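Reviewing the structure listed below.
In UniProt numbering, the protein residues as written are 1 to 353.
Written as structure tokens, this is what we have:
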């Protein structure tokens, strides 16, 4: 047994924050993928993620650095670095230039989430994250920020663990107190995108619950994953939907930063941004439920060849084969060329030519 499936961080998009928490002029010292980085927004709102250490004498720009216009100023000698990582100015030697720069990491902002792209080969993104329809619709659903933005923090969890819930139809009974296992209804793989549907009886075995006051209700859990960094579970009970995105971003070889973003269908006639009624209770309930998973994942080791039982092998094996493409050192891993974006399957989030 081992802690990671393979020996590199997996390729993909990863959440590193919420847009609402980084206004113009703000700076954050962050660490992801074993790299010290600085995240900032220029005065005009341009987002930038750069290697943290000034190329002059190595000061960390995230500690004491300030935004000056469209640049970040080094706290040591005032060297100005543009949002692209190029040297903009040496203030005490304005006529001089140096052939130095800071690596800029690819970022994106979708539905209020700040994302970064990671690839072990340094390739440009070959898909984009399409977002979650419920997150973008605050007419029918509650806004994700601030009530639905759950900062879980840094945990000893690898990115693959949360997404491996996708083929795990039996854990609901022991981890979440469900009355019975889920039933696989659909399994669809399209390149980096995995889409499934699970049949589920909410309130199984109980005459009444707060979620199912009139007895058990047949519903579904629809899951979507885009690589291993972003996975969404959509709980469907008739016309009531709760959408919950789990984002797992490696900090180092042992730890990841986790975000849990969630929204539910608005209460009829409500325009209050604060979730209430069934929606408010469901959001808080799901925040608690996923923490039961965290307890497992934090102390789990990766078993490369599990002794499956009860039909687990069918979809677990399919998931493991699908997941290999994101590890550059995995046997038979898919390694798309950075210039071959036009050949990527046209699925949700694919780069379009």
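The beta carbon of each residue, even a glycine, is placed where N, CA and C say it ideally should be.
These numbers were taken from a predicted model, which means no experiment stands behind them.
Can you tell which of the options has its C-alpha closest to the C-alpha of residue i?
i: residue 366; options: 61, 52, 82; result: It is not possible to answer for residue 366, since the shown part of the chain is limited to 1 through 353.
i: residue 294; options: 185, 156, 254; result: 156
i: residue 100; options: 109, 108, 87; result: 87
i: residue 129; options: 320, 230, 306, 272; result: 230
i: residue 266; options: 46, 60, 239; result: 239
i: residue 288; options: 203, 270, 177; result: 177
i: residue 284; options: 39, 225, 262, 302; result: 262
i: residue 220; options: 199, 117, 203; result: 199
i: residue 46; options: 94, 108, 95, 165; result: 108
i: residue 311; options: 184, 119, 30, 41; result: 184
i: residue 245; options: 70, 49, 202, 134; result: 134
i: residue 71; options: 98, 10, 26; result: 26
i: residue 139; options: 181, 272, 319; result: 272
i: residue 210; options: 171, 146, 258, 280; result: 280
i: residue 354; options: 8, 40, 24; result: With the chain running from 1 to 353 in the structure shown, residue 354 is simply not present.
i: residue 158; options: 51, 48, 250, 31; result: 250
Quick one: is residue i buried, meaning 16 or more other Cβ sit within 10 Å of its Cβ, or exposed?
i: residue 317; result: exposed
i: residue 141; result: buried
i: residue 215; result: exposed
i: residue 274; result: exposed
i: residue 337; result: Bear in mind that the predicted position of residue 337 carries a pLDDT of just 43, short of 50, making it unreliable; the figure below should be weighed with that in mind. By the neighbour-count rule (16 or more Cβ atoms within 10 Å), residue 337 is not buried but exposed.
i: residue 73; result: buried
i: residue 121; result: exposed
i: residue 355; result: The requested residue 355 does not occur in the structure, where the chain is confined to residues 1 to 353.
i: residue 332; result: With a pLDDT of only 49 at residue 332, under 50, the local geometry of the prediction cannot be trusted, and no value is derived from it.
i: residue 227; result: buried
i: residue 308; result: exposed
i: residue 264; result: buried
i: residue 233; result: buried
i: residue 174; result: exposed
i: residue 169; result: buried
i: residue 243; result: buried
i: residue 260; result: buried
i: residue 105; result: buried
i: residue 164; result: buried
Could you check what DSSP says for residue i in three-state terms: helix, strand or coil?
i: residue 73; result: strand
i: residue 150; result: strand
i: residue 235; result: strand
i: residue 269; result: coil
i: residue 123; result: coil
i: residue 264; result: strand
i: residue 3; result: coil
i: residue 67; result: strand
i: residue 118; result: strand
i: residue 277; result: helix
i: residue 286; result: helix
i: residue 301; result: coil
i: residue 184; result: strand
i: residue 16; result: strand
i: residue 171; result: helix
i: residue 144; result: coil
i: residue 155; result: strand
i: residue 176; result: coil
i: residue 95; result: coil
i: residue 56; result: coil
Could you check where the beta strand (DSSP E) with residue i kicks off and where it finishes?
i: residue 88; result: 87-89
i: residue 48; result: 47-51
i: residue 243; result: 240-250
i: residue 134; result: Taken as a continuous stretch (DSSP letters only), residue 134 belongs to no beta strand (DSSP E), being part of the alpha helix (DSSP H) at 133-136.
i: residue 195; result: 193-202
i: residue 110; result: 107-110
i: residue 81; result: 80-82
i: residue 383; result: In this structure the chain extends from 1 to 353, so residue 383 is not present and cannot be described.
i: residue 27; result: 27-32
What is the rounded straight-line gap between the Cα of residue i and the Cα of residue j?
i: residue 193; j: residue 12; result: 11 angstroms
i: residue 187; j: residue 299; result: 28 angstroms
i: residue 256; j: residue 114; result: 16 angstroms
i: residue 204; j: residue 179; result: 5 angstroms
i: residue 20; j: residue 14; result: 17 angstroms
i: residue 61; j: residue 282; result: 41 angstroms
i: residue 167; j: residue 223; result: 10 angstroms
i: residue 323; j: residue 6; result: 11 angstroms
i: residue 269; j: residue 305; result: 52 angstroms
i: residue 248; j: residue 197; result: 22 angstroms
i: residue 292; j: residue 252; result: 23 angstroms
i: residue 303; j: residue 117; result: 27 angstroms
i: residue 55; j: residue 18; result: 28 angstroms
i: residue 123; j: residue 213; result: 52 angstroms
i: residue 171; j: residue 154; result: 24 angstroms
For a test of your reading of the model: does the CB of residue i fall under 7 angstroms from any non-hydrogen atom of the ligand COA? Yes or no.
i: residue 7; result: The model depicted lacks the ligand COA and carries no ligand whatsoever.
Which residue comes first and which comes last in the alpha helix (DSSP H) that contains residue i?
i: residue 160; result: 160-163
i: residue 255; result: Counting along the chain, residue 255 falls outside any alpha helix (DSSP H), and DSSP gives it neither H nor E.
i: residue 314; result: 312-323
i: residue 224; result: No alpha helix (DSSP H) holds residue 224; the beta strand (DSSP E) holding it covers 217-226.
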